[in-house]
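> In full-length UniProt numbering, the protein residues as written are 1 to 288. We put the beta carbon where it would ideally sit given N, CA and C, even for glycine.
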């Protein structure tokens, strides 16, 4: 029988560092602190319907969405991050150990095919969990190396900070006191689920992101979820991953390069940046 060490060495073999770069101006990086931005995922019902229809868990959908975001913003074809699931689709409490997720691009099958493949691997993945990511990293031969700096956390909605958004008011709970993942990672994407709401909050280091950048990251995550729901049977290059409300831009998901493409002039490509709305607005005036 394969040992834990053998499993994780094979799972992470050849992994490249998947790190979001520091984007805060250098003169502001000496006062690092944890901050939070939050949005309501207004496709809550669609997420639940999609999962029930296709027999996949919300965790696999959220994992795929965050892997797509990392592939864009970290400019990588090898998305790696930590995760933990403490809530089922109906918001009930489940207890899962923290673990590591990896997804390489381009995908070998459709979006839905990838979700089902990841779901089929979950039982085996759980069987080799160590309970703590540092222990897993040591078993895989990555002791003392930082392979990733982001974490995905799925938990039940509960008492916490109430936030408002165009989708309405919702509650974003604080982390359970027994965990400290927000102190271990530069960015923690927290998904709060209940019977009738799904919310996303991003806990981030001010040395890594600014307020606007963090909110843009959260909104992008929401848009990627929408793209997955809309193109589950399609290939990744059909997905409009980073489009804004105007639908002016489409992302080249082939990962030949980290680019955005202006739809009205598809032969003209520009580098994807973190500047968000302001930079994208400038691109709207481009011409060949």
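In angstroms with no decimal places, state the Cα-to-Cα distance between residue 218 and residue 202.
The alpha-carbon atoms of residue 218 and residue 202 are separated by roughly 6 Å.
> Measure the CB-CB distance between residue 35 and residue 206 and report whether it falls below 8 Å.
Yes, they are a contact pair.
> For the pair the stretch 48–62 and the stretch 123–132, tell me if three or more CB-CB distances fall below 8 Å.
No, they do not touch.
> Since residue 212 and residue 69 should fall inside the 8 Å C-beta cutoff, what is the C-beta to C-beta distance between them, to a whole number of angstroms?
About 16 Å separates the two Cβ atoms, so there is no contact after all.
> Whose C-alpha, out of 215, 143, 116, is nearest the C-alpha of residue 50?
Checked all of 215, 143, 116; the closest Cα to residue 50 is 116.
> Taking the DSSP output, what are the residues bridged to residue 191?
Paired residues: 154, 200.
> Should residue 43 go down as buried or exposed, given a rule of 16 or more other Cβ atoms within 10 Å for buried?
Burial call: buried.
> Does the beta-carbon of residue 65 have 16 or more other beta-carbons within 10 angstroms, so that it is buried, or is it exposed?
The residue is buried, with at least 16 neighbouring Cβ atoms inside 10 Å.
> Quick check on DSSP: helix, strand or coil for residue 222?
Here residue 222 sits in helix by DSSP.
> For the alpha helix (DSSP H) that residue 45 lies in, which residues bound it at each end?
It spans 44–54 - the alpha helix (DSSP H) in which residue 45 sits, taken as one unbroken run.
> Report the three-state DSSP secondary structure of residue 69 (helix, strand or coil).
Looking at residue 69 - three-state DSSP - the assignment turns out to be helix.
> By the three-class DSSP mapping on this structure, what secondary structure does residue 143 have?
Residue 143 falls in the coil class under three-state DSSP.
> With 16 as the cutoff for other CB atoms within 10 Å, does residue 120 come out buried or exposed?
Label assigned to residue 120: exposed.
> Measure the alpha-carbon distance for residue 209 versus residue 22 and round it to whole angstroms.
For residue 209 and residue 22, the distance between alpha carbons rounds to 7 Å.
> For residue 103, collect the residues of the same chain with a Cβ closer than 6 Å to its Cβ; drop the 5 residues on either side in sequence, then sort them by chain order.
67, 79, listed in sequence order.
> Excluding five sequence neighbours on each side, which residues of the same chain lie with their C-beta closer than 7 Å to the C-beta of residue 16?
Excluding residues within five positions, the ones whose Cβ falls inside 7 Å are 76, 78.
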